[in-house]
Structure formats: C-alpha cells, structure tokens
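> Each residue of the sequence shown is one higher than the last, beginning at -3 in this note's numbering.
Virtual Cβ for every residue (Gly too), placed ideally from N, Cα, C.
One structure, pasted below without further comment.
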Amino acid sequence: MIRSRFWRHPASLLLGPVVWSLWFVMLYAMLSLSCLQGWLVNGGDHPAAINLLLAVAGLLVTLLLLISAWSAWRTPSETGFMPRTSAMVSACSAVASLLLVVPGLIMAPCL
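What follows is the structure, given as structure tokens:
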C-alpha cells in the first residue's frame, strides 16, 4: 500500500492518468504487434486470445487503480482536498482503463 503521506502531496494527482496512459500505449502496441506479426490464431475475424489476455490485464490495471483510489479516499488530512481529489482522479482513470478493454472484446483485433 502506498503511504498516506503520498496522497497529501500534489504529485498524487498524476498517478491515475500516468497509469492509464501507460496502459493505453501498451494495449494498442500489443494489438498492433499482434496484427503485424500474425499472432492471431483465428485469422483476425473474431476476438482472439490476445484480446482475452489484454482484457484480463485491463481488469488488473482497473483493480490496482481502484485500490489506489480507495487508499487515497481513506487517507486522513486536515482539509481532505488533495486525497479526495486524487481518489476521484484515480477512480476516473480506472473507469477509463476498463472502457479501453471493451472494444477489444466486441470487435476483431485487425480491421
């Protein structure tokens, strides 16, 4: 767990968006590589195993961001502004991370 002192610092606001952006780059890089290298077992017509693996990874990223949001929300502070704002930013990043996975489950990876 991240120490409660971290959530009082303004840098804590960047945790959620940085994790989301790294997840965004990794997700689409892996999908692009799988299309270029021919890693798809079923020819690219339907969601492949890479989509399911990335969906599981997306759920893990979402879970970690939700844990960080919960940790920030429970941090005691005098005003509560910085921890609560960090919690909301992390929660929004968790929702955005989860929504990145949905198109991969619905559509074929290579269009």
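1) Excluding sequence positions up to five away, which residues of its chain have a Cβ less than 8 Å from the Cβ of A51?
2) If you run the structure through DSSP and keep just helix, strand and coil, what is P72?
3) Could you spell out the range, first to last residue, of the alpha helix (DSSP H) harbouring G100?
4) A34 by DSSP, collapsed to three states: which one?
5) Around the Cβ of R1, are there at least 16 other Cβ atoms within 10 angstroms (buried) or fewer (exposed)?
The relevant details are as follows:
1) What you label residue 51 is simply residue 55 of the sequence shown in a count that begins at 1. Within the same chain, A51 has close Cβ partners V97, G100 and L101.
2) Position 76 of the sequence shown, counting from 1, holds the residue named residue 72. Residue state, collapsed to three classes: coil.
3) Taking the first residue of the sequence shown as 1, we reach residue 100 at position 104. F77 to I102 is the span of the alpha helix (DSSP H), which, as asked, contains G100.
4) Position 38 of the sequence shown, counted from the first residue, corresponds to residue 34. Here the sequence assigns Gly to residue 34, which means Ala is not the residue at that position. G34 falls in the coil class under three-state DSSP.
5) Here the question's residue 1 lines up with position 5 in the sequence shown. Exposed is the call here.
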